[in-house]
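Trainee: Here's a structure for you.
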Amino acid sequence: MRVVGLLGLLATVTFSGAIRLGEEGGYDLVLELKDVPKDVEELAVDPVVYVDNIQVSLDNLSKLMWSATNQTFWIRSAEIIIPREWEAEFMNYKNASSYSPADIQISSKIPYPFVQNPVICGLPGDHIELPFNFFDVQAEEQKYGGNIFKPLMALWARYRWGVWEEHGYPGNSRFPYFFQNVNNEFTVTGCNNNTNLEGKFRNKDNKACHLDNDPTCRFHPDSKSSARRSSLMHFYWLDSVTEFCNSSSHQKHDPNPQNLFCDRKSVQEVIWKSMDFKKVTKKVEKFEYPIITIASRFREAPVLYLLIDSGFNQAVQLRLVLLAQILDFIASTNPILGLGYFPTSETDTRLKELVEFKLFGGNENEFLWSIFNLSVIPAPERDFGSAILQAVDLIREASPEDGGTILILKTGRALINTNFPLEKELKVTLKQEKINLFGIEILEEGNSSNLNNLAVKIVEAKGYPEVTEDLRVLFEKIKEIWEEGNFPREDGPVIAWKGEVKPNETIVFPIPSKGTVTFDLVTPESLYTQNIVSTINNWRAKFNESSNEYGETKNPRYVYTSEIVKIQKENLEASFNFTAVQPAHLIVTSEASDVEEVKVQVTTSIPNRTLSLIDLPNDEVPFGIYAYLTFTNGTPIAGARVSAEVTGVNNSRETLSLKDDGWFNDETSNDGVYSGVYVPPIDGNYSLRVTAVGPGKVTSLGFASQLLPEKQDFDTQEISTAMPLLTKTVGLPGNFEISNRASYYPVITTIRDLEITSHENDPDQTELQFNLSPARALGRTNVLLQYNFYMARSPDDLLKIDVTSSKLPPGVEHISSFPTKLIEYSPIIPLYRPKEKGRFYFVIVVVPLEGYIRASKLSNIVSYDIGNVQTLPPGESTESITEANNSEPTDADFTDSASENTNSPEPGSTAPTTPLPIADEDSKPWIKSLPGIVTLSISAVLITAGVLIGGFWALKKKRESPSVEVAVEVGSS
Numbered sequence: 001m002r003v004v005g006l007l008g009l010l011a012t013v014t015f016s017g018a019i020r021l022g023e024e025g026g027y028d029l030v031l032e033l034k035d036v037p038k039d040v041e042e043l044a045v046d047p048v049v050y051v052d053n054i055q056v057s058l059d060n061l062s063k064l065m066w067s068a069t070n071q072t073f074w075i076r077s078a079e080i081i082i083p084r085e086w087e088a089e090f091m092n093y094k095n096a097s098s099y100s101p102a103d104i105q106i107s108s109k110i111p112y113p114f115v116q117n118p119v120i121c122g123l124p125g126d127h128i129e130l131p132f133n134f135f136d137v138q139a140e141e142q143k144y145g146g147n148i149f150k151p152l153m154a155l156w157a158r159y160r161w162g163v164w165e166e167h168g169y170p171g172n173s174r175f176p177y178f179f180q181n182v183n184n185e186f187t188v189t190g191c192n193n194n195t196n197l198e199g200k201f202r203n204k205d206n207k208a209c210h211l212d213n214d215p216t217c218r219f220h221p222d223s224k225s226s227a228r229r230s231s232l233m234h235f236y237w238l239d240s241v242t243e244f245c246n247s248s249s250h251q252k253h254d255p256n257p258q259n260l261f262c263d264r265k266s267v268q269e270v271i272w273k274s275m276d277f278k279k280v281t282k283k284v285e286k287f288e289y290p291i292i293t294i295a296s297r298f299r300e301a302p303v304l305y306l307l308i309d310s311g312f313n314q315a316v317q318l319r320l321v322l323l324a325q326i327l328d329f330i331a332s333t334n335p336i337l338g339l340g341y342f343p344t345s346e347t348d349t350r351l352k353e354l355v356e357f358k359l360f361g362g363n364e365n366e367f368l369w370s371i372f373n374l375s376v377i378p379a380p381e382r383d384f385g386s387a388i389l390q391a392v393d394l395i396r397e398a399s400p401e402d403g404g405t406i407l408i409l410k411t412g413r414a415l416i417n418t419n420f421p422l423e424k425e426l427k428v429t430l431k432q433e434k435i436n437l438f439g440i441e442i443l444e445e446g447n448s449s450n451l452n453n454l455a456v457k458i459v460e461a462k463g464y465p466e467v468t469e470d471l472r473v474l475f476e477k478i479k480e481i482w483e484e485g486n487f488p489r490e491d492g493p494v495i496a497w498k499g500e501v502k503p504n505e506t507i508v509f510p511i512p513s514k515g516t517v518t519f520d521l522v523t524p525e526s527l528y529t530q531n532i533v534s535t536i537n538n539w540r541a542k543f544n545e546s547s548n549e550y551g552e553t554k555n556p557r558y559v560y561t562s563e564i565v566k567i568q569k570e571n572l573e574a575s576f577n578f579t580a581v582q583p584a585h586l587i588v589t590s591e592a593s594d595v596e597e598v599k600v601q602v603t604t605s606i607p608n609r610t611l612s613l614i615d616l617p618n619d620e621v622p623f624g625i626y627a628y629l630t631f632t633n634g635t636p637i638a639g640a641r642v643s644a645e646v647t648g649v650n651n652s653r654e655t656l657s658l659k660d661d662g663w664f665n666d667e668t669s670n671d672g673v674y675s676g677v678y679v680p681p682i683d684g685n686y687s688l689r690v691t692a693v694g695p696g697k698v699t700s701l702g703f704a705s706q707l708l709p710e711k712q713d714f715d716t717q718e719i720s721t722a723m724p725l726l727t728k729t730v731g732l733p734g735n736f737e738i739s740n741r742a743s744y745y746p747v748i749t750t751i752r753d754l755e756i757t758s759h760e761n762d763p764d765q766t767e768l769q770f771n772l773s774p775a776r777a778l779g780r781t782n783v784l785l786q787y788n789f790y791m792a793r794s795p796d797d798l799l800k801i802d803v804t805s806s807k808l809p810p811g812v813e814h815i816s817s818f819p820t821k822l823i824e825y826s827p828i829i830p831l832y833r834p835k836e837k838g839r840f841y842f843v844i845v846v847v848p849l850e851g852y853i854r855a856s857k858l859s860n861i862v863s864y865d866i867g868n869v870q871t872l873p874p875g876e877s878t879e880s881i882t883e884a885n886n887s888e889p890t891d892a893d894f895t896d897s898a899s900e901n902t903n904s905p906e907p908g909s910t911a912p913t914t915p916l917p918i919a920d921e922d923s924k925p926w927i928k929s930l931p932g933i934v935t936l937s938i939s940a941v942l943i944t945a946g947v948l949i950g951g952f953w954a955l956k957k958k959r960e961s962p963s964v965e966v967a968v969e970v971g972s973s
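Heads up: the sequence shown is residues 1 to 973, going by the UniProt record's numbering.
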């Protein structure tokens, strides 16, 4: 198809980009069978029946979603993407509308459902992952306790609205399966609208059990009960449960993830404040089932990213001619095409995505409209290097296994400043991601290309007659590579470490592989090479100044390079230090390690890449950054060193560490999710790249489900303690637009890991030890903070604390304050000496002692029994603990009692709660019995009163009488 013909269509076609959520609350979702068996003959299920199961589940999910959200949300359309090998089984299918990652991804490599949403609360995540057998109805309905669209509803709520599970987990001290309420009664952690529910305690052998001596003991509610309607984030498998907990039914004291991460708000309250809810401006009057289509992705088509330099150049007419010829080539080959340009403004030099990856055929108008409406931007600096890296990230996301091609149309030479990525980084990244780079550069006479060392082939365009034949040769080379599948191999060097380094600060990092290690230091100032010191074991690197980078010999930056060769050991440590005035950027490359099995997924807390700091959904996480490290089978990788490099306005760069330690915005330690928070200094566009450096460690984390409390066995999969060789750099495609930074009011982070134990040398519990991670003052450093500790008999009293006021509610005691400078990753362990015995509840609030900062919210509330208060678990008799532990339990029914329960159990039922034991009065000594205590107390009061009255009377008489001497004769009468 000729370009002229394509241009003629623009006058009659308009565009409306794909809408994920309509104003009437309808979602357009994509479900992809991603990593599933391709050979139909090897499938255990009929593919047509399998896809039918998906369609029925989505229909039911949409109907449940509509009713559970008060007719607010539903599924308007769903595109089910099947493998191309399955096409022959289906009569009607089409090409996929998009090549972006799907909302729901089905894989045979993972054992349990998983939601990729590491944000603390209230924000959407990236996607849902489901095991292939999830839609094998006969097997899975038994596993999930009923209709599979109900667990899918819980997963969707976690994915789109950022709510959490309301149940606990066996063996988890943070979120216990059972807990003790204010009445010292054991109850099932959860949330429901009815506090009485009949059920049984059963172990994995389906026998009656006790919690204290059987770790597999679970509470099985009666599935036929119609009294309970909520919550879908807990007992969703019950037929009667069709609602989320709201503000009236929510149990804010239960130790579950929803309370901890969402500040004790109900699931429904979080949904009503979600970003999706704010987009809904009208409701549908009548429910309609979603429009479902079957599609496949045309993977035989090559993947091409067209990157256009929008910078100013005198040869505007030549640029239009080149674009026309490029489009002719694209129309003749019909690739999966993505389109972007750079710079986006005079101060922002990075890539902006115009059209996401789509098959060119059928979408010609959208591409043409975007290209020929592109403005020319007179930017003095055009960082084509960063734009190429961002295009690599986009190809990785759309074609993670097959690689692709980048064709860049560049207008003129660029001046290489200090913030440009190192040329070696581009070389390594292109090869590692199996991407070929081709370039067309519009150059003035006397200039040469910046891309000679990077591109497979370039065309230096200096005039129309000369360039036509060169373009024909370049296009033929691209087609040859596509036909032969000749993409770069991955066995070249990899990035072992990269980031900003500060003068006179020694950094240490691992080198995961043997062979040659290269150090490249980029700095804005000239250095003495003897002041650059890097060693691996006893080998010291010798640095030399490098020239001729990007074809330039006179750059306004300095590059110093060194190699250490013939390293014979793996997993060594390297150190680096240099003497200078200004910070610099260091990149270390080593021989390729085994990275094929390592998967790095990067996400943020910024939906739709746009964030205003005025009205944040979660002010504790203005810009959350998360990296999820796993093997391709889903096994998480802990113990790696992960860093994020944020590129901001004017190409400034900042590096921060991402941690997997369960502190602050990292939900769980050692789960393979590495988290960090960035506070942008000013308004503007920001981009992100994450580097994970090994070796990491894989522990026995297991695959205990985070969703399914009814899976009574809670299977875990033992994982070997292998040490994977890990080196991976991944960028997040696109830019993040930040606005209203001046309005951001710094806040102190909430403590969510408070624990209380008795002091190790204090078995009588006269001293308590508080264990917690320190708070942070976001947007500020080196701030003096004060930790205020409060205690009460009831958690309700603690929840009434106003963190902005010094006045405490009745029943709350301020027991201690602990001022300290902000020190990251240092535990604070104050001691408290309780004055009385009993059950108490504790909470912490962190307040600033200086600066313009908001106080933290209430920490997690922790209960503690001071004085060894004895309590019994569900199902135990109060008559004899020893006998109960050694005897066979009876097959008794129980009633789950919530923490706020004030209702009595129904007649004939037994509540699964155990009050504090009461001693037998007749067996006590008289002085310890109730009559004896009362008698002794009254006697003591009377004696004390008599002594006080007599003494007062004698003193009064003495003051009233004159002072006289009396002589008494012994024996006189």
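Yeah, the Cβ is synthetic: ideal placement off N, Cα and C, and Gly gets one too.
Source: prediction; values computed, not measured.
Measuring alpha carbon to alpha carbon, tell me which of Glu-165, Lys-150, Leu-437 and Lys-807 ends up nearest Asn-117.
Mentor: Glu-165
Trainee: Give the straight-line distance between the Cα atoms of Tyr-686 and Asn-735, rounded to the nearest whole angstrom.
Mentor: 5 Å
Trainee: Tell me, which residues are paired with Gly-676 by DSSP?
Mentor: Ile-625
Trainee: Helix, strand or coil: which one does DSSP assign to Leu-930?
Mentor: In this prediction, Leu-930 has a pLDDT of 40, which is less than 50 and means its spatial position is unreliable; what the coordinates show is noted afterwards. Taken through DSSP and simplified to helix, strand or coil, Leu-930 comes out as helix.
Trainee: Starting from residue 1040, trace the alpha helix (DSSP H) both ways and give me its first and last residue.
Mentor: In this structure the chain extends from 1 to 973, so residue 1040 is not present and cannot be described.
Trainee: Could you check whether the Cβ of Asn-117 sits closer than 9 Å to any Cβ belonging to chain D?
Mentor: The structure shown contains no chain D; it holds only a single protein chain.
Trainee: Is it right to say Glu-525 is buried, meaning 16 or more other beta carbons lie within 10 angstroms of its own, or is it exposed?
Mentor: exposed
Trainee: Starting from Trp-272, follow the alpha helix (DSSP H) in both directions and report where the run begins and ends.
Mentor: 267-272
Trainee: Could you give the first and the last residue of the continuous beta strand (DSSP E) run that contains Ser-590?
Mentor: 584-590
Trainee: Tell me which same chain residues have a C-beta within less than 6 Å of the C-beta of Val-862, skipping the five on either side of it?
Mentor: Leu-754, Ile-756 and Phe-842
Trainee: Pro-257: buried (16+ other C-beta within 10 angstroms of its C-beta) or exposed?
Mentor: Sixteen is the threshold: when 16 or more other Cβ atoms of the shown chains lie within 10 Å of the Cβ of Pro-257, as they do, the residue is buried.
Trainee: In three-state terms, what does DSSP make of Phe-179?
Mentor: In this structure, Phe-179 counts as strand in the three-state DSSP scheme.
Trainee: Given this structure, state the Cα-to-Cα distance separating Asn-133 from Thr-635, to the nearest angstrom.
Mentor: 18 Å
Trainee: Nearest to Asn-577 by CA position, among Thr-535, Ser-562, Pro-607 and Tyr-558, is which residue?
Mentor: Thr-535
Trainee: Measure from the alpha carbon of Lys-278 to the alpha carbon of each residue in Pro-617, Arg-84 and Arg-229, then state which is nearest.
Mentor: Pro-617
Trainee: Ordered along the chain, which non-local residues of its own chain (more than five positions away) have a Cβ less than 7 Å from that of Leu-354?
Mentor: Leu-339, Gly-340, Tyr-341 and Ser-370
Trainee: Pull up the CB-CB distance for Ile-294 and Tyr-93, whole angstroms please, since I reckon it's below 8 Å.
Mentor: 4 Å
Trainee: Is the Cβ-Cβ distance between Met-153 and Leu-61 less than 9 Å?
Mentor: yes
Trainee: Just list the residues that DSSP pairs Lys-34 with in beta bridges.
Mentor: DSSP lists no beta-bridge partner residue for Lys-34.
Trainee: Assuming Arg-229 contacts Asn-184 under a Cβ cut-off of 8 Å, what Cβ separation, rounded to an integer in Å, is found between them?
Mentor: The Cβ separation is near 29 Å, so there is no contact.
Trainee: In terms of alpha-carbon separation, which member of Asn-172, Met-65 and Thr-781 lies closest to Trp-156?
Mentor: Met-65
Trainee: From the DSSP output, which residues share a beta bridge with Arg-641?
Mentor: Val-693
Trainee: Give the secondary structure of Ala-88 by DSSP, where H, G and I count as helix, E and B as strand, and everything else as coil.
Mentor: helix
Trainee: Could you check where the alpha helix (DSSP H) with Arg-158 kicks off and where it finishes?
Mentor: 149-161
Trainee: Buried or exposed: where does His-127 fall if 16 or more other Cβ atoms within 10 Å of its Cβ makes it buried?
Mentor: buried
Trainee: Would DSSP call Lys-252 helix, strand or coil?
Mentor: coil
Trainee: Can you check DSSP and say which residues form a bridge with Glu-500?
Mentor: BP columns for Glu-500 point to His-585.
Trainee: Compare the Cα-Cα distances from Leu-238 to each of Asp-222, Ser-247 and Ser-249 and report the closest residue.
Mentor: Asp-222
Trainee: Reducing DSSP to helix, strand and coil, say where residue 1042 ends up.
Mentor: The structure shown does not extend to residue 1042, since the chain is modelled only from 1 to 973, so the question has no answer here.
Trainee: Does the stretch 845-853 touch the stretch 241-258, meaning 3 or more C-beta pairs lie closer than 8 Å?
Mentor: no
Trainee: When the Cα of Val-115 is compared with those of Pro-101, Leu-130 and Thr-216, which residue comes out closest?
Mentor: Leu-130
Trainee: I need the DSSP call for Val-115, collapsed to helix, strand or coil.
Mentor: In this structure, Val-115 counts as strand in the three-state DSSP scheme.
Trainee: Report the partner residues of Val-508 according to the DSSP bridge assignment.
Mentor: According to DSSP, which records beta bridges pairwise, Val-508 is partnered with Ser-575.
Trainee: Using a threshold of 9 Å, state whether the C-beta atoms of Val-459 and Gly-439 are closer than that.
Mentor: yes
Trainee: Does the Cβ of Arg-472 have 16 or more other Cβ atoms within 10 Å, making it buried, or fewer, making it exposed?
Mentor: exposed
Trainee: Can the beta-carbon of Ser-274 be found less than 9 Å from the beta-carbon of Gly-122?
Mentor: yes
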